[in-house]
Amino acid sequence: MEPEYRPPSHDEFKWLASRWMGIVNLVREEYDEELDQSKDAMHLLQRLLDNDIIDRGKHGCEGLGVALGRIMVSNLDGFDWWHVKDEFGADLCLRYEHTTLQLNPISMMLRRGIEGSPINIPGMYAAIETSIDEAKRQLHDE
1 MEPEYRPPSH
11 DEFKWLASRW
21 MGIVNLVREE
31 YDEELDQSKD
41 AMHLLQRLLD
51 NDIIDRGKHG
61 CEGLGVALGR
71 IMVSNLDGFD
81 WWHVKDEFGA
91 DLCLRYEHTT
101 LQLNPISMML
111 RRGIEGSPIN
121 IPGMYAAIET
131 SIDEAKRQLH
141 DE
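Heads up, the sequence shown is in full-length UniProt numbering, so the first residue is 1 and it goes up one at a time.
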């Protein structure tokens, strides 16, 4: 099945904003710091995990995935939120321009949280950034 993309609906944007604000408020309450969308903000997300402030269940991992996604959109040129429907189901993703190159930060966090796998947010971002640079080069060479 070819992926089908559309911009997120109003309700989906509200959901993204709600999850983001949940993480922003948690960082403010726990660390008296403001969460922004810079790469440096990832250390605050990691602290939430390392200090067991945020649960590794569905709600906590969704919030972390949305926060990571916002950081990616702000720092990886050409990516934005999209709704995708593909062989895996329907989900919100980060799509590169109008290509099929996509990232799924919410699913990445959920999977690791549910499986109990270690979560290294800065490490994940660095690996993704390297992979994306290579994928972009290949796209532009075609």
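For glycine and all other residues, C-beta sits at the position ideal for the given N, C-alpha and C. Given the structure is predicted, the values throughout are model-derived calculations rather than measurements.
query = Can you tell which of V73, L92 and R111 has its C-alpha closest to the C-alpha of I132?
reply = As a position in the sequence shown, residue 132 is number 132, starting the count at 1. Taking only the C-alpha atoms, the option nearest I132 is V73.
key: Distance between E115 and residue 183 (C-alpha atoms, nearest Å)   = There is simply no residue 183 to check, as the chain begins at 1 and stops at 142 in what is shown.
task = May I ask you to list the residues that DSSP assigns as paired with Q102?
result = The residue given as residue 102 occupies position 102 in the sequence shown. According to DSSP, which records beta bridges pairwise, Q102 is partnered with R95.
ask   = With distances taken from CA atoms, which of M124, E97, D11 and E33 is nearest D77?
value = For this step, residue 77 is matched to residue 77 along the sequence shown. When only C-alpha atoms are compared, the closest one is E97.
task = Enumerate, from N- to C-terminal direction, the unbroken beta strand (DSSP E) stretches of 3 or more residues contained entirely within the UniProt domain "DUF3806" (43 to 125).
result = 79 to 86 and 89 to 96
query = Just the Cα atoms here: how many angstroms apart are G57 and E87?
reply = Here residue 57 corresponds to residue number 57 of the sequence shown, with the count starting at 1. Here residue 87 corresponds to residue number 87 of the sequence shown, with the count starting at 1. G57 and E87: Cα-Cα distance of roughly 24 Å.
task = Just the C-alpha distance for I54 and D141, rounded to the nearest angstrom, thanks.
result = Translated into the one-based positions of the sequence shown, residue 54 becomes position 54. Translated into the one-based positions of the sequence shown, residue 141 becomes position 141. Computed Cα separation, rounded: 42 Å.
ask   = For E4, which three-state DSSP category applies?
value = Reading the sequence shown from its first residue, position 4 is the one you call residue 4. Note: E4 maps to strand in three-state DSSP.
inquiry  = Which residue marks the beginning of the alpha helix (DSSP H) containing A17, and which one marks its end?
reply    = Taking the first residue of the sequence shown as position 1, residue 17 is located at position 17. A17 -> alpha helix (DSSP H) spans H10 to Y31.
Beta-carbon proximity list for V84, same chain, < 8 Å, skipping 5 on both sides = The residue you call residue 84 lines up with position 84 of the sequence shown. Hits under 8 Å: P3, E4, Y5, A90, D91, L92, C93, R95 and Q102.
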